[in-house]
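Scroll down for the structure; my scribbles are underneath it.
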Amino acid sequence: MLHANQVARQREEAARAAAQAAAEEQAAREAAAAEAARQEEEQRQAEEAAALRQQQVADAAAAHDAVEYGDKLGTIRVEGTQIDCALYWGDSSTQFDAGAGCHVTDGCVLPGANGTVFIGAHTGTYFADLGSAEVGDRIYLDTDWGSFVYEITEMQVIYETDVDKVRWGAEEPSCVLYTCYPFGILTHTDRRYAVYADPVAADADGVIPQ
């Protein structure tokens, strides 16, 4: 009788072990399938984001062929500040009297292109509130060929001769805002307040995550 009970218990234990092993195997298969699906979705999103980025670059290149010095490109708005003004292609006194202006030489680019979008404005007018911007705030550039968003990563005071600190000629997309420093000054100064920002990637539908 004792032997029969032992055999029965062994069979029950074996059955439980087999059931547990089967459940673990099923869970492993489901986890593997979920991971494969996740990787596939990430790959799809990466491919769509890359395609969207290529389109942005192409659109910026087409715009560059059409735009002329002094043309209005659209508008610039900086989160956390009162900056909301016209954006021009050019950074002479004419553009700065009307809004903010993009530097057009030294390897600087239009919004959407690979490289540095280098934008300036007078500290006494359109960029008077640039000092209110904080890390994490966003810069919104709205143009005829697309809307582009950059997130601020750092700010620093530099000298006007510090060309190594303004990302001229860079290949990676970024945006740098600058104005004379100290803020509100109406005469020439050799210092600049620089705000550095990196692009915020849009999803496949062109929507910027909040």
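First residue of the sequence shown? That's 1 in the UniProt record's numbering, and the numbers climb one at a time after it. Just so you know, even glycine gets a beta-carbon here, dropped at the ideal spot from N, CA and C. Bear in mind the structure is a predicted one, so any value in this text is a computation, not a measurement.
How about residue i and residue j: do their beta carbons lie closer than 8 angstroms?
i: G80; j: A133; result: yes
i: Y88; j: G101; result: yes
i: residue 225; j: A194; result: Any property of residue 225 remains undetermined from this structure, which presents the chain solely from 1 to 210.
i: V104; j: Y69; result: yes
i: I152; j: V166; result: no
Consider the Cβ of residue i: report whether some Cβ of chain E lies at a distance smaller than 8 angstroms.
i: A19; result: Going by chain labels, chain E is absent from the structure shown, which holds only one protein chain.
Consult DSSP for residue i and reduce its assignment to one of helix, strand or coil.
i: L130; result: helix
i: T105; result: coil
i: E154; result: strand
i: F148; result: strand
i: T75; result: strand
i: F96; result: helix
i: A201; result: coil
i: R167; result: coil
i: A121; result: coil
i: L52; result: helix
i: A113; result: coil
i: V67; result: coil
Tell me whether residue i is buried or exposed, calling it buried when 16 or more other Cβ atoms sit within 10 Å of its Cβ.
i: Q56; result: buried
i: A113; result: buried
i: Q95; result: buried
i: D205; result: Unreliable positioning characterises D205 in this predicted model, as indicated by a pLDDT of 46, which lies under 50. A coordinate reading is not provided.
i: V117; result: buried
i: V7; result: exposed
i: P199; result: buried
Suppose the cutoff is 6 angstroms on Cβ atoms and the five residues either side in sequence are ignored; what does the same chain contact list for residue i look like?
i: G124; result: G184 and L186
i: W145; result: D59 and A63
i: G131; result: F183
Assuming residue i and residue j are in contact, meaning their beta carbons sit under 8 angstroms apart, how far apart are those beta carbons, in whole angstroms?
i: I139; j: V78; result: 5 angstroms
i: T75; j: A66; result: Their Cβ separation, rounded to whole angstroms, is 18 angstroms, which puts T75 and A66 out of contact at 8 angstroms.
i: L73; j: T143; result: 5 angstroms
i: R191; j: Y178; result: Wrong, their Cβ atoms sit about 10 angstroms apart, outside the cutoff.
Could you name the residues of the same chain whose beta carbon sits closer than 8 angstroms to that of residue i, not counting the 5 residues immediately before and after it, in chain order?
i: A170; result: G107, G115 and T116
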